[in-house]
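Participant: The structure's right below; bear with me while I get my questions together.
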Amino acid sequence: MMMMMMMVMIMMMVMMMMMMKVVVVVMMMMMMLMMMMMMIMMMMMMMMMMMMMMMMMMMMMMMMLMMMMMMMIFIIISIIVVIIIFIFIIIIIIITIIIIIIIIIIVIIIIIIILIIIIVITMIMIKVVMILAY
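So the sequence shown is numbered by my numbering: it starts at 52 and just counts up by one.
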């Protein structure tokens, strides 16, 4: 009887051990699965983060590009304005030069006319003097 009990106990123990083994294996498998899931989740999270970062970077780049474009437009506009101003200044200078030249020409003509008048008067005076001398 005692022997039977012992046998049963041993059998029970072995069964328990086997069961435990299975349970342990299952637990290990579960753990592995959990770990895998966690890893996958982490990877997904990382991917998401990376995507977000990439999106942010892209957005930043786009913003920078937009800013650059705006700056370029502003620079171009300013350059055009400066060129227009320069053209206006040049035109004004040319006009003033032309006016000065015209004034100088007029003055020269007036001086020449005055000189001619003086010469004519002097000639007449000389003639009168010559006549008087006769």
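Don't be surprised by glycine CBs; every beta carbon is placed ideally from N, CA and C.
Just so it is clear, the structure is predicted and the values come from calculations on it, not from any experiment.
State the Cα-Cα distance for the pair Thr173 and Ile136, rounded to the nearest angstrom.
Facilitator: So the alpha carbons of these two residues sit roughly 54 Å apart.
Participant: Measure the alpha-carbon distance for Met88 versus Met99 and round it to whole angstroms.
Facilitator: Those two C-alpha atoms are separated by around 16 Å.
Participant: Alpha carbon to alpha carbon, how far is Val74 from Met105? Give it in angstroms, no decimals.
Facilitator: So the two alpha carbons sit approximately 45 Å from each other.
Participant: Would you mind listing the beta strand (DSSP E) stretches within the stretch 79-149 that are 3+ residues and don't spill past its ends, in chain order?
Facilitator: Whole beta strand (DSSP E) segments, 3+ residues: zero.
Participant: Alpha carbon to alpha carbon, how far is Met181 from Ile169? Give it in angstroms, no decimals.
Facilitator: If you take the alpha carbons of Ile169 and Met181, they lie about 18 Å apart.
Participant: If you draw a straight line from the alpha carbon of Met83 to that of Met94, how long is it in whole angstroms?
Facilitator: Answer to the nearest angstrom: the Cα atoms are 16 Å apart.
Participant: When you compare only the Cα positions, how much space is there between Met121 and Ile130?
Facilitator: About 14 Å.
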